[in-house]
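All remarks here apply to the structure that follows.
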Amino acid sequence: KAAQRLVTAVQRDELIGIYGDYDVDGATSCALLFHFFKMLGHEVKVFQPSRFVEGYGIHPVSIDNALEEGVKVLVSVDCGISNTQTADYAQGKLDLIITDHHRDAADHIPHAFAVVNPNRRDEPKDSPLGALAGVGVAFALAVKIRELLIANGREVPSIYNLLPFVAIGTICDLAVLTPINLKLTRHGLKQIPQCPYPGLLAFFSPEELKDAVSSEKIAFNVGPMINSKGRLDHPERSLKLLTAATREEAREHYQNL
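Laid out in C-alpha cells, this is it:
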C-alpha cells in the first residue's frame with residue numbers, strides 16, 4: 078500500500094517528504110530514499126528534527142512544517158511507530174506513511190495511511206525481516222516501489238548501489254547480523270569503493286577504497302562522524318554530506334563534521 082501510494086505520487090508529480098531520525102540509521106535512511114527518488118527523476122524534501130527542539134520521533138509540528146512546503150505524502154524513516162497522536166493529526170491534511178523497525182508498543186498501531194514495520198504487532202514473530210534496521214526497511218520499500226514501476230512498464234535502474242547506506246545504518250544501529258542483515262551489509266561494504274555518492278567516498282582515503290571497506294571503519298569512524306552533528310546541534314550537515322552532488326560540496330561538509 079505504501080509503495081503504491083508513492084508510485085502514484087511520482088506519476089502525479091506530487092511532492093514527497095522524507096522525515097528521518099537524527100542518528101546514523103535515520104540519516105542513512107533519509108539519504109537512501111533521497112537518492113532513490115532522484116534516480117527516478119523525482120525531487121523530494123527531506124526533514125530531520127533537532128534532538129534539542131523537537132526531540133525524537135515525528136510530531137504534529139512536523140506535519141505542519143511539511144504542509145508549509147507543499148508536501149502531499151510524508152514518509153517517516155526509522156521513527157513513527159509510537160507517534161499515534163501525530164498520525165491522527167495528519168489525517169485529512171496529507172498522507173503519512175510510517176516506516177520503522179522499533180517495537181510496536183503504543184496502545185494501537187498509528188492510524189496513518191500505511192505503516193511499514195517488520196515488528197508490527199500483527200507481523201509473524203519469526204519473520205526474518207524483524208532484525209532489519211530502519212534503513213533496511215527503507216530499502217525494502219524502495220525495492221517494492223521499483224517492482225511496481227517496472228510492472229507498469231517503466232524502466233528503472235538497479236538500486237544495488239544504494240546498499241552502502243544499508244550497510245552503514247545496519248552496522249551503526251547495532252542491528253543483529255542475521256542472515257539477511259549479513260547479506261545486505263556484506264554487499265553494501267563491497268559496493269562502497271565504486272559507489273557514485275561523493276558524500277560516502279569523502280570518509281575514505283584512496284588506500285581504503287582499494288578493497289571492500291571494513292566494518293570497523295564504519296563503526297568507529299564513519300558512524301560517529303555522521304552522529305556528531307545531531308548530538309551537538311542539528312543533524313542537517315550530516316545529511317547534506319550524504320546527499321552531496323559534488324566532491325567539493327562533500328569535502329566542505331566532511332571537514333565540518
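The sequence shown begins at 78 in the numbering used here and counts up by one. Just so you know, even glycine gets a beta-carbon here, dropped at the ideal spot from N, CA and C.
Practice prompt. Work out the CA separation of Leu-266 and Ser-292 for me, nearest whole Å.
Written response: As a working note, residue 292 is residue 215 in the sequence shown. As a working note, residue 266 is residue 189 in the sequence shown. Using only the alpha carbons, I get a separation of about 8 Å.
Practice prompt. Determine the direct distance from the alpha carbon of Glu-313 to that of Pro-126, and round the result to whole angstroms.
Written response: Start at 1 with the first residue of the sequence shown, and residue 126 comes out as number 49. Start at 1 with the first residue of the sequence shown, and residue 313 comes out as number 236. In a straight line, the C-alpha of Pro-126 is about 9 Å away from that of Glu-313.
Discussion item. Just to confirm my understanding: we take Ser-282, look at its own chain, exclude 5 residues before and 5 after, and list those with CB closer than 7 Å. What are they?
Written reply: Here residue 282 is taken as the residue at index 205 of the sequence shown, counted from 1. If we look at Ser-282 and ignore the five residues flanking it on each side, it has no Cβ neighbours.
Discussion item. Quick check: the Cα distance between Lys-172 and Leu-226, rounded to an integer number of angstroms?
Written reply: As a working note, residue 172 is residue 95 in the sequence shown. As a working note, residue 226 is residue 149 in the sequence shown. Looking at the sequence provided, one finds Asp at residue 172 rather than Lys. The straight-line gap from Cα to Cα measures roughly 20 Å.
Worksheet entry | CB contact flag (Ser-155, Asp-203, <9 Å) | For the purposes of this step, residue 155 is identified with residue 78 of the sequence shown, where counting begins at 1. For the purposes of this step, residue 203 is identified with residue 126 of the sequence shown, where counting begins at 1. Note that residue 155 is Asp in the sequence shown here, rather than Ser. The answer is no: Cβ separation not under 9 Å.
Practice prompt. Sort out for me which residues DSSP pairs Ala-191 with in a bridge.
Written response: Within the sequence shown, the letter at position 114 stands for residue 191. The partner list for Ala-191 (beta bridge, DSSP) reads Ile-174.
Discussion item. So, under 8 Å CB-CB, Leu-210 and Gly-246 are touching, yes? Tell me the CB distance rounded to an integer number of Å.
Written reply: Counting from 1 along the sequence shown, the entry for residue 210 is found at position 133. Counting from 1 along the sequence shown, the entry for residue 246 is found at position 169. Checking the displayed sequence, the identity of residue 210 turns out to be Ala instead of Leu. Under the criterion of beta carbons closer than 8 Å, Ala-210 and Gly-246 qualify as touching, at roughly 5 Å.
Worksheet item: Rounded to a whole number of angstroms, what is the C-alpha to C-alpha distance between Cys-272 and Leu-239?
Response: Within the sequence shown, numbered from 1, the residue matching residue 272 stands at position 195. Within the sequence shown, numbered from 1, the residue matching residue 239 stands at position 162. Near 8 Å, if we compare the C-alpha coordinates of Leu-239 and Cys-272.
Worksheet entry | Where Lys-78 falls: helix, strand or coil (DSSP) | Mapped onto the sequence shown, residue 78 falls at position 1. DSSP places Lys-78 in coil when its eight states are reduced to three.
Worksheet item: Under the DSSP definition of a beta bridge, which residues are partnered with Phe-113?
Response: For the purposes of this step, residue 113 is taken as residue 36 along the sequence shown, with counting starting at 1. In DSSP, Phe-113 forms no bridge with anything.
Practice prompt. Within the segment 82-110, note down every full beta strand (DSSP E) run reaching 3 residues or more, in order along the chain.
Written response: Every unbroken stretch of the beta strand (DSSP E) spanning 3 or more residues and falling wholly within the segment 82-110 is given here in chain order: 93-97.
Item to complete: Report the three-state DSSP secondary structure of Lys-202 (helix, strand or coil).
Response: Here residue 202 is taken as the residue at index 125 of the sequence shown, counted from 1. Lys-202: coil per DSSP, three-state reduction.
Worksheet entry | Per-residue DSSP class, three states only, for Ser-356 | As displayed, the chain neither begins before 78 nor continues past 334, which places residue 356 out of reach and without an answer.
Discussion item. Let me make sure I understand the geometry here. Which of Ile-222, Asn-258, Leu-318 has the alpha-carbon closest to that of Val-233?
Written reply: If you number the sequence shown from 1, residue 233 lands on position 156. Nearest of Ile-222, Asn-258, Leu-318 to Val-233, Cα basis: Ile-222.
Discussion item. On a Cα-Cα basis, can you pick out the residue from Arg-308, Phe-242, Glu-325, Ala-215 that is closest to Ala-80?
Written reply: As a position in the sequence shown, residue 80 is number 3, starting the count at 1. Nearest of Arg-308, Phe-242, Glu-325, Ala-215 to Ala-80, Cα basis: Ala-215.
Worksheet item: Among the residues of its own chain, which have a CB less than 8 Å from the CB of Val-220, if the five just before and after it don't count?
Response: Within the sequence shown, residue 220 is the residue found at index 143, counting from 1. So the list reads Ile-236, once near-sequence residues are dropped.
Item to complete: Could you tell me which residues DSSP puts in a beta bridge with Val-253?
Response: Reading the sequence shown from its first residue, position 176 is the one you call residue 253. Val-253 pairs with nothing; no bridge assigned.
Worksheet item: Taking C-alpha atoms, which residue in Pro-205, Thr-163, Lys-122 lies nearest to His-188?
Response: As a position in the sequence shown, residue 188 is number 111, starting the count at 1. Nearest neighbour of His-188 by Cα position, chosen from Pro-205, Thr-163, Lys-122, turns out to be Thr-163.
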